[in-house]
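Residue numbers (my numbering): 131 to 403.
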């Protein structure tokens with residue numbers, strides 16, 4: 131297996147470039163220490179099993195961390211099946227290609243404190259259980275969904291599957307409180323199972339449920355979260371045309387789950403001052 135910095139470029143025939151035949155992870159690194167590292171390794175391993183790509187040695191994956199600067203940065207790991215094969219037929223055996231990049235990172239504290247405005251997207255995610263949960267390289271659905279709005283006031287777009295069930299936001303997972311209970315969409319049909327989501331499911335009694343968009347208009351609190359940005363509370367939900375469907379005033383319900391998520395990532399847990 132080759133492992134190189136991303137600046138060295140990709141061969142034209144690489145299957146990740148040609149077909150999205152691969153996986154990636156984006157890891158928050160604080161002073162050289164990767165956050166949620168075991169969760170990232172576990173998801174990458176699930177993806178490797180699902181796609182039939184040999185799993186890299188964790189020590190090889192961790193090697194770029196020696197170059198991490200002080201403060202916050204993001205390590206992006208990209209693993210492809212490599213080159214070869216005839217058309218869509220994969221090479222046997224595959225020779226995976228691993229590339230990485232470290233970049234400075236700064237989260238968005240105003241969105242932690244003030245909350246965000248989100249909207250429903252028109253695009254629907256295709257149902258494919260074989261790819262559900264993993265972070266594969268083919269993210270065209272997310273790209274098309276993100277192109278649905280350009281206004282800076284809208285932080286994210288919410289996605290449903292082709293049968294109308296809530297799944298995720300374009301690059302974050304969804305959480306809400308309904309009748310006092312914490313819930314998140316089930317991700318056994320499509321969607322990315324985030325590493326922050328995995329950590330919160332371990333720490334808290336969060337139910338994985340099937341739900342439709344109308345349910346969000348009756349929840350007490352709504353959040354978006356991932357392992358880079360932490361948890362953003364939602365203060366306004368719009369339809370796909372940008373018309374308001376529901377508004378929330380930030381309160382202790384919002385801050386409790388946010389504090390749990392931020393404790394995992396080393397972000398501030400007191401945000402209501």
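We put the beta carbon where it would ideally sit given N, CA and C, even for glycine.
In the structure shown, residue 307 falls within a strand segment according to DSSP collapsed to helix, strand and coil. Note on residue 361: 16 or more other CB atoms within 10 angstroms of its CB, so buried under the neighbour-count rule. For residue 174, the secondary structure class from DSSP, reduced to helix, strand or coil, is helix.
DSSP places residue 167 within a helical segment (H, G or I) once states are collapsed to three. Distance from the CA of residue 197 to the CA of residue 303, rounded to the nearest whole angstrom, comes to 30 Å.
Between the C-alpha atoms of residue 232 and residue 158 there is a straight-line separation of about 10 Å. Given a length threshold of 3 residues, each whole run of the beta strand (DSSP E) inside the region 303-388 is given here in chain order: 303-308, 311-315, 336-339, 351-356, 360-368 and 374-377. Here residue 281 carries a coil assignment [DSSP, helix/strand/coil]. Looking from the CA of residue 203, the closest CA among 313, 180 and 162 belongs to 162.
Under DSSP, the beta-bridge partners assigned to residue 254 are 290. Just measuring C-alpha positions, the residue of 219, 263 and 167 sitting nearest residue 151 is 219. Sorting 178, 377, 369 and 318 by C-alpha distance to the C-alpha of residue 349 places 377 at the top. Measuring C-alpha to C-alpha distances from residue 306 to each of 147, 205, 169 and 330 identifies 330 as the nearest. One Cα belongs to residue 216, the other to residue 222, and the distance between them is close to 10 Å. Comparing alpha-carbon positions, the option among 264, 179, 355 and 258 lying closest to residue 288 turns out to be 355. When DSSP states are grouped into helix, strand and coil, residue 298 belongs to the strand group. The count of Cβ pairs closer than 8 Å, one atom from the region 268-276 and one from the region 178-197, stays below three, leaving the stretches out of contact. Minimum Cα-Cα distance from residue 375 among the listed residues 333, 383 and 365 corresponds to 365. The C-beta of residue 382 has fewer than 16 other C-beta atoms within 10 Å across all chains shown, which makes the residue exposed.
For residue 247, the three-state secondary structure derived from DSSP is strand. Per DSSP, the beta bridge partners of residue 152 are 210. Under the DSSP definition of a beta bridge, residue 263 partners with 322.
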